[in-house]
Amino acid sequence: MTFEQALTRLEGIVDTLSKGRLSLDQAMAEFEEGISLFRLCDEKLRSAEQRVRILTESEEESKEHCIE
Amino acid sequence: MLSLRQLSGENVPDNPERVFSVTEVTDTIRSLLREERSLSGIAIRGELSNYAKSAQGHCYFTLKDEKSSLSCVMFRSDAECLDLDIENGQEIVAVGDVDIYAVNSTYQLRVKDVRLEGVGKLYQKFLQLKKKLEEEGLFAEEHKRRIPEYPQRVGVVTSKKGAAFRDIVRVLGRRYPMAEIILASSVVQGSEAPPSIVSAIEALNAYDGIDVLIVGRGGGSFEDLACFNDESVARAIFDSVVPVVSAVGHETDFTIADFVSDRRAATPSAAAELVAPDVGELRSTIDTYRENLIWDLRNLVETRRRDINRLKGSLTPDIVLNTIHTNAQRLDDGFARARKLLEGLLMLRNEKLKKLGGMLRTADPLATLDRGYSIALKLPDRDVIETMRSVDVDDELVVVLRDGEVYCIVRDLKEVERRRRK
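Order-wise, the sequence lines are chains A and B.
So for the first sequence, our numbering puts the first residue at 65; every next one is plus one.
So for the second sequence, our numbering puts the first residue at 230; every next one is plus one.
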C-alpha cells in the first residue's frame, strides 16, 4: 500500500467514524483499521530516507547513491 | 558646386541680389534630402534612448552609437503596427526616411518600423515562437495536467553539476524524503542544450513510475536561458506523459518552457516545494486524524453507555411485577376459557352420560341450553337420541329447551351429511 492510498483510506475512516452512525462493532473495526493505517503512514513518514538515482549518459545502466 | 538657386529648381536669371525666405531654404533642404536615395527607406542600427510617447500616440526617441545621435519620430499610425514594446537601452534597427523638422531646423528620422537586434533579435524570435505555439494551443489550460500530491518518484532534468540540482535534492530531502529523485542530467546552456534536454525528458518518460518532472536550471541572462525558449524543448514538454513543472531561475520573465509546462516555478527550489508536501505538516495531519479517531470512538462508546443506562433505569421492579401479574392474569383467563370450552365438548360427547337428567343436575347442564341448543330424548325412557337410526316414524320424542320441553311425534326421517368442524 502506498502512502497516498493509506492516507486516503485513513481520511475516509476518520470521516465515517466522525458521523457516529456506526454500530459499536463496526466502529471498533473501523477504529482498529484507522489506527493501523495511522501507524503505517507514520512509519513511512518517519523512516523515509532520501534516495537519489542518476541516469548515466548512456541511460543503459544507472547508479544509485545517497546524497547527504 | 551647385548654387542654392539651382538646387531649388528655380529657373531664374542669375541674381546675386536675390534674398530667400527661411521657408524657401528649408524647403530646398527638404527636397534635397528626399532626392538623396541613401537617406530614404534606410535601416539604421543604434541604441535607443530618450524614449517618450506623446498624448497623441506619437513616439519620440534618439538613436545613438558611440559617436553620434539621431532624433527619431514614429507617428502613431506606424507605432500602432509595432508588435513589440520598445524601451530605452535596446539595440534596435529603425527603418525610415531622414527628414527635416522645419520648426527648429533639425533633421530627424521618420521611423516606419523598428526591429530588435542582438538580444533583441532573440527576443523577437521568442515572441514569434510564443505566438506560434500559443496559436497551436500548446499553452492551453485544458492541456495542463494535475501534479500528483504525493509523488513516489520525482524526475529531474537539469545539469548534474548545477546548483539547481543541489537545491532540488536539498529541498526534497527536507520536505519529502519519501520521494525518490531520478536525475536525467542534461546540458542546460548553449547549442547542445535543446537536444540534451529533449532526450532527458524522453528518458524519464520511459523510466518506470515517475510521477512528476522538474525541468530547469538556475538563473541566467536571456541568452543563457535560450534553450528553455527552444521549440523542440517546448514540444518535448508538451508531449511528456508525466506532468512537468518548469523551474527556470528567472523571477520576472517567463520562458516558453514556463508557458507550456503544467506548472511554473520561479526557481528550482520553488519547484521542489511545489511537487511535494511537507513531511512535518503531514505528520501533524495524521496525528490529528488519530486524535479524531480516538475522540469519535470514545464519543460513540459514551453515547451507547448512556443509552444502556437509560434503559436500565426504566427496568424497575414495579414494572417487572406488573408485567408478570398482567401476564399471569391473562393466562388465568385463557385457562378458564379453555377449560369451559373443553368441558362443554366433553359433556356433549361423553357416551357414558346417557341420562341427560342426571347429567343436567350435576354439571350445570343448563348452560348448553342457555346458549340456544336443545336436546332430543326418546320416550318413554328419555334416552338421548344421538343418531337417526335409533328413531322411527311415529316415535314419541321430547325436546328439552332452556325454558321447557316440547313433545313431538316423528313424522319423517331424512339423513343429512354434516361436515364436522375440526
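Built from N, CA and C at the ideal position, the CB exists for glycine as well.
Check: Do ILE410 (chain B) and VAL383 (chain B) come within 7 Å of each other at the CB atom, strictly closer than that value?
Finding: Indexing the second sequence from 1 puts residue 383 (chain B) at position 154. Indexing the second sequence from 1 puts residue 410 (chain B) at position 181. For VAL383 (chain B) and ILE410 (chain B), yes; Cβs fall inside 7 Å.
Notebook entry, point to check: How big is the Cα-Cα spacing for GLU212 (chain B) and VAL441 (chain B)?
Noted result: Since the first and last residues shown for chain B are 230 and 651, residue 212 (chain B) lies out of range.
Item checked: Any C-beta of chain B under 7 Å from that of LEU104 (chain A) -> Indexing the first sequence from 1 puts residue 104 (chain A) at position 40. Judged by the 7 Å Cβ criterion, LEU104 (chain A) is not in contact with chain B.
Notebook entry, point to check: Would MET303 (chain B) pass as a contact of VAL340 (chain B) if the rule is Cβ separation under 7 Å?
Noted result: Locating residue 303 (chain B) in the second sequence gives position 74, where the first residue counts as 1. Locating residue 340 (chain B) in the second sequence gives position 111, where the first residue counts as 1. Taking 7 Å as the Cβ cut-off, MET303 (chain B) and VAL340 (chain B) qualify as a contacting pair.
Item checked: Proximal chain B residues relative to GLU107 (chain A), where beta-carbon distance stays under 9 Å -> As a first step, residue 107 (chain A) is located in the first sequence; it is residue number 43 there, counting from the start. In chain order: nothing, as chain B lies at least about 11 Å away.
Notebook entry, point to check: Shorter than 7 Å from the beta carbon of ASP519 (chain B) to some beta carbon of chain A?
Noted result: Translated into the one-based positions of the second sequence, residue 519 (chain B) becomes position 290. Asp is not the amino acid found at residue 519 (chain B); the sequence shown has Arg there. At least one chain A Cβ lies under 7 Å of ARG519 (chain B).
Checklist line | Candidates B:TYR602, B:ILE537 and B:GLN285: closest to GLU634 (chain B) by CA position | finding: Position 405 of the second sequence, counted from the start, is the residue given in the question as residue 634 (chain B). Nearest option by C-alpha distance: B:TYR602.
Item checked: Interface positions of the stretch 413 to 431 of chain B facing chain A (Cβ-Cβ less than 9 Å), listed along the chain -> ALA413, SER414, SER428 and ALA429
Next item on the list: Would you give the residue range spanned by the alpha helix (DSSP H) that ARG259 (chain B) belongs to?
Entry: Taking the first residue of the second sequence as position 1, residue 259 (chain B) is located at position 30. Unbroken alpha helix (DSSP H) run through ARG259 (chain B): 251 to 264.
Item checked: Contact set for ARG259 (chain B): own chain, Cβ-Cβ below 8 Å, skip 5 residues either direction -> Reading the second sequence from its first residue, position 30 is the one you call residue 259 (chain B). Excluding residues within five positions, the ones whose Cβ falls inside 8 Å are ASP328, ILE329 and ALA331.
Next item on the list: Determine whether the Cβ of GLY98 (chain A) lies closer than 7 Å to any Cβ atom of chain B.
Entry: For this step, residue 98 (chain A) is matched to residue 34 along the first sequence. By this cut-off, GLY98 (chain A) is an interface position.
Checklist line | Contact set between GLY76 (chain A) and chain D, taken where Cβ atoms lie within less than 8 Å | finding: No chain D is present in this structure, whose protein chains are A and B.
Next item on the list: Say whether chain A places a C-beta atom closer than 7 Å to the C-beta of ARG446 (chain B).
Entry: Locating residue 446 (chain B) in the second sequence gives position 217, counting from the first residue. Answer no: the Cβ-Cβ gap between ARG446 (chain B) and chain A never drops below 7 Å.
Next item on the list: Could you give the DSSP three-state label for SER619 (chain B): helix, strand or coil?
Entry: On the second sequence, residue 619 (chain B) is found 390 positions in, with the first residue counted as 1. SER619 (chain B) falls in the helix class under three-state DSSP.
Margin query: Rounded to whole angstroms, what is the Cα-Cα separation between ASP536 (chain B) and THR80 (chain A)?
Written below: Here residue 536 (chain B) corresponds to residue number 307 of the second sequence, with the count starting at 1. Here residue 80 (chain A) corresponds to residue number 16 of the first sequence, with the count starting at 1. Straight-line Cα distance between these residues: approximately 21 Å.
Next item on the list: Please list the partners that ALA112 (chain A) has in chain B, where partner means a Cβ-to-Cβ separation under 9 Å.
Entry: Taking the first sequence and counting its residues from 1, the one referred to as residue 112 (chain A) is at position 48. Result: TYR405, PRO406, MET407, ALA408 and VAL508.
Check: What is the C-beta distance between GLN353 (chain B) and LEU299 (chain B), in whole angstroms, given that I count them as a contact (C-beta under 8 Å)?
Finding: Residue numbering aside, residue 353 (chain B) sits at position 124 when the second sequence is read from its first letter. Residue numbering aside, residue 299 (chain B) sits at position 70 when the second sequence is read from its first letter. Between LEU299 (chain B) and GLN353 (chain B) the Cβ distance is about 22 Å, and since that is not below 8 Å, they are no contact.
Check: Three-state secondary structure (DSSP) at GLN558 (chain B)?
Finding: Here residue 558 (chain B) is taken as the residue at index 329 of the second sequence, counted from 1. DSSP places GLN558 (chain B) in helix when its eight states are reduced to three.
Check: Can you list the residues of chain B that ARG117 (chain A) reaches, using a CB-CB cut of under 8 Å?
Finding: Counting from 1 along the first sequence, the entry for residue 117 (chain A) is found at position 53. Neighbours of ARG117 (chain A) on chain B, chain order: GLU409, ILE410, ILE411 and LEU412.
Checklist line | Cβ contact (3+ pairs, closer than 8 Å) linking the stretch 363 to 373 of chain B and the stretch 280 to 298 of chain B | finding: no
Next item on the list: Determine contact between the stretch 469 to 487 of chain B and the stretch 506 to 516 of chain B, defined as no fewer than three beta-carbon pairs at a distance below 8 Å.
Entry: no
Check: Who are the near neighbours of ALA281 (chain B) in its chain, counting only those whose CB is closer than 8 Å to its CB and skipping five residues on each side?
Finding: Residue numbering aside, residue 281 (chain B) sits at position 52 when the second sequence is read from its first letter. Here the set comprises CYS288, TYR289 and PHE290.
Next item on the list: Measure the Cβ-Cβ separation of LEU292 (chain B) and ALA272 (chain B) and say whether it is below 7 Å.
Entry: Here residue 292 (chain B) refers to the residue found at position 63 of the second sequence. Here residue 272 (chain B) refers to the residue found at position 43 of the second sequence. At the C-beta level, LEU292 (chain B) and ALA272 (chain B) stay beyond 7 Å of one another.
Next item on the list: Please check the pair SER82 (chain A) and ASP507 (chain B), which I expect to be a contact at CB under 8 Å, by giving their CB distance rounded to whole angstroms.
Entry: Taking the first sequence and counting its residues from 1, the one referred to as residue 82 (chain A) is at position 18. Taking the second sequence and counting its residues from 1, the one referred to as residue 507 (chain B) is at position 278. With a Cβ gap of about 25 Å, SER82 (chain A) and ASP507 (chain B) do not count as contacting.
Notebook entry, point to check: If you draw a straight line from the alpha carbon of ARG117 (chain A) to that of GLY270 (chain B), how long is it in whole angstroms?
Noted result: Position 53 of the first sequence, counting from 1, holds the residue named residue 117 (chain A). Position 41 of the second sequence, counting from 1, holds the residue named residue 270 (chain B). For ARG117 (chain A) and GLY270 (chain B), the distance between alpha carbons rounds to 60 Å.
Check: Using a C-beta cutoff of 7 Å, does TYR379 (chain B) count as contacting chain A?
Finding: Counted from its first residue, the second sequence places residue 379 (chain B) at position 150. Interface residue, yes.
Note to self: Give me, in chain order, the residues of the same chain whose beta-carbon lies closer than 8 Å to that of SER619 (chain B); leave out the 5 immediate sequence neighbours on both sides.
What the structure shows: Translated into positions along the second sequence, residue 619 (chain B) becomes position 390. These residues qualify, in order along the chain: LYS607 and ASP612.
Next item on the list: Rank B:LEU277, B:ALA455, B:CYS301 and B:SER415 by C-alpha distance to the C-alpha of ASP294 (chain B) and give the top, closest one.
Entry: In the second sequence, counting from the first residue as 1, residue 294 (chain B) sits at position 65. With distances taken between CA atoms, ASP294 (chain B) lies nearest to B:LEU277 out of B:LEU277, B:ALA455, B:CYS301 and B:SER415.
Checklist line | Cut-off 8 Å between Cβ atoms - residues of its own chain near THR387 (chain B), not counting five sequence neighbours on either side | finding: Locating residue 387 (chain B) in the second sequence gives position 158, where the first residue counts as 1. For THR387 (chain B), where only same-chain residues beyond five positions count, the Cβ hits under 8 Å are ALA393, PHE394, ILE397, LEU412, SER414, SER415, VAL417, ILE443, VAL444, GLY445, ARG446, ALA476 and PRO497.
Note to self: Along the stretch 348 to 378 of chain B, where does the CB come closer than 9 Å to a CB of chain A? Name the residues.
What the structure shows: PRO377 and GLU378
Check: Of the residues that make up the stretch 521 to 532 of chain B, which ones have a beta carbon closer than 9 Å to any beta carbon in chain A?
Finding: ASN521, LEU522, ILE523, TRP524, ASP525, LEU526, ASN528, LEU529, VAL530 and THR532
Checklist line | Opening and closing residue of the alpha helix (DSSP H) in which LEU522 (chain B) lies | finding: Looking up residue 522 (chain B) in the second sequence gives position 293. Element bounds for LEU522 (chain B): 508 to 543.
Notebook entry, point to check: Where LEU503 (chain B) and ARG266 (chain B) are concerned, what is the direct C-alpha to C-alpha distance, given to the nearest angstrom?
Noted result: On the second sequence, residue 503 (chain B) is found 274 positions in, with the first residue counted as 1. On the second sequence, residue 266 (chain B) is found 37 positions in, with the first residue counted as 1. LEU503 (chain B) and ARG266 (chain B): Cα-Cα distance of roughly 60 Å.
Next item on the list: Could you work out which residue in B:GLU531, B:VAL473 and B:GLU320 is closest to VAL343 (chain B) when comparing CA atoms only?
Entry: The residue labelled residue 343 (chain B) in the question sits at position 114 within the second sequence. VAL343 (chain B) has its Cα closest to that of B:GLU320, out of B:GLU531, B:VAL473 and B:GLU320.
Notebook entry, point to check: Under a Cβ-count criterion, where at least 16 other Cβ atoms within 10 Å of its own Cβ denotes burial, should ALA494 (chain B) be classed as buried or exposed?
Noted result: As a working mapping, residue 494 (chain B) is identified with position 265 in the second sequence. Flag for ALA494 (chain B) reads buried.
Check: Mind listing which residues of the stretch 488 to 516 of chain B have their C-beta closer than 7 Å to chain A's C-betas, in chain order?
Finding: VAL508, LEU511, ARG512 and ILE515
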